[in-house]
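J.: Numbering (this note's numbering), first residue to last: -7 to 128. Just so you know, even glycine gets a beta-carbon here, dropped at the ideal spot from N, CA and C. Here's a structure for you.
Below is the structure:
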């Protein structure tokens, strides 16, 4: 009769074999690519190739904060859409409790959106009044 420990070892054995084979295969590919790969010793080796055009200037450009905000809003509402979609899949099982919870979730996000809108986070044009403090 087998004990629980020996049963766990028997069930764990195929995973260990699979992991070993994966490591062996990956290691073999890395070693083969090192020995069989091309070696470039040209002076322009570290210059990026961009459609035959030589790069000029720095690759580090400064982007305005507006692009950051657009990315942040995209991620926020993308996650919101994923959560609401997950709720929509199971809405018959969760009943009124789930409906009220998703309404509170959407209301909270809508309040946040209105707050950001009121602060001017969604305005793309520069606001002269805000910068200068004048009433023009």
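Can you give me the start and stop residues for the alpha helix (DSSP H) that residue 92 sits inside?
T.: Counting along the chain, the alpha helix (DSSP H) containing residue 92 begins and ends at 83 to 111.
J.: Closest to residue 114 by C-alpha separation, out of 48, 62, 7 and 90, would be which residue?
T.: For residue 114, the nearest C-alpha among the options comes from 62.
J.: What does a CB cutoff of less than 8 angstroms around residue 76 pick up in its chain, not counting 5 residues either side in sequence?
T.: Closer than 8 angstroms at the Cβ level, and outside the excluded window around residue 76, lie 94, 97 and 98.
J.: If you reduce the DSSP assignment to three classes, tell me which class residue 13 lands in.
T.: Residue 13 falls in the helix class under three-state DSSP.
J.: Enumerate in chain order the residues of its own chain whose CB-to-CB distance from residue 108 is below 6 angstroms, with the five nearest sequence positions on each side excluded.
T.: Nothing meets the Cβ criterion.
J.: Report back the beta-carbon spacing between residue 54 and residue 116 to the nearest angstrom; my notes put them in contact at under 8 angstroms.
T.: Not quite, the Cβ-Cβ distance comes to about 17 angstroms (not below 8 angstroms), so this is no contact.
J.: Report, in whole angstroms, the separation of the C-beta atoms of residue 144 and residue 90, which I expect to be a contact under 8 angstroms.
T.: This structure gives no information on residue 144, because the portion of the chain shown stretches from -7 to 128.
J.: Taking the Cβ atom as the reference point for each residue, do residue 72 and residue 101 lie within a distance shorter than 7 angstroms?
T.: Going by C-beta atoms, residue 72 is nearer than 7 angstroms to residue 101.
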